[in-house]
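According to numbering that gives the first Met the number 0, the sequence shown is numbered sequentially starting from 0. The beta carbon of each residue, even a glycine, is placed where N, CA and C say it ideally should be. Here's the structure we're looking at; comments come further down.
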Amino acid sequence: MDNQKRYALLVKVGDLEDTGNRAVWVEVEEFFDGNDDLASFWCNLSGPPKELSQVSEFLRAIRSRIDVDDVLVCVTQFDGGKEEWPFSDTVLVVTDASTTDVQDWFDRFPPDEAFAEEDENLLSDLGYPGRAAVRLWWD
């Protein structure tokens, strides 16, 4: 684990209990670069990737699609352990593609839920006013 990158992420995320249920969204690189905590993402999948670099590469490949503006990771939990990385169970794909199409892109790692993001303020706050997005969640 790269403790400098972990610290930078923690500074950006802040105290999750003080966010008032506000989602804390970060870039793929911010969440995965330096992260070797396999419990931080997709840990409940029946066949999870063996390395987080595989997850990062997978998400970056989706982000590189011509019909995708961005892929963001939502930091949803941090228990505070010194050897732990913050946890995420949610990804946002900024795209005009349908929810079904986006789910198909994740066929190797199917989400438990996927739905069109309806919070226009969220998309504006993230720098994508007027854009569409699909939120994916894994239990």
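Starting from residue i, trace the beta strand (DSSP E) in both directions and tell me its first and last residue.
i      : result
Ala60  : No beta strand (DSSP E) holds Ala60; the alpha helix (DSSP H) holding it covers 51 to 62.
Ala132 : 132 to 136
Phe108 : Here Phe108 belongs to no beta strand (DSSP E), and DSSP marks it neither H nor E.
For residue i, which three-state DSSP category applies?
i      : result
Ser123 : helix
Phe40  : strand
Phe31  : helix
Ala7   : helix
Please name the residue or residues paired with residue i in a DSSP beta bridge.
i     : result
Leu71 : Glu26, Leu91
Phe86 : Gln76
Which stretch, first to last residue, makes up the alpha helix (DSSP H) that contains residue i?
i      : result
Trp104 : 98 to 104
Beta carbon of residue i, beta carbon of residue j: below 8 angstroms?
i     : j      : result
Pro69 : Arg62  : According to the sequence shown, residue 69 is Asp rather than Pro. Contact: yes.
Trp41 : Phe108 : yes
Leu9  : Asp35  : no
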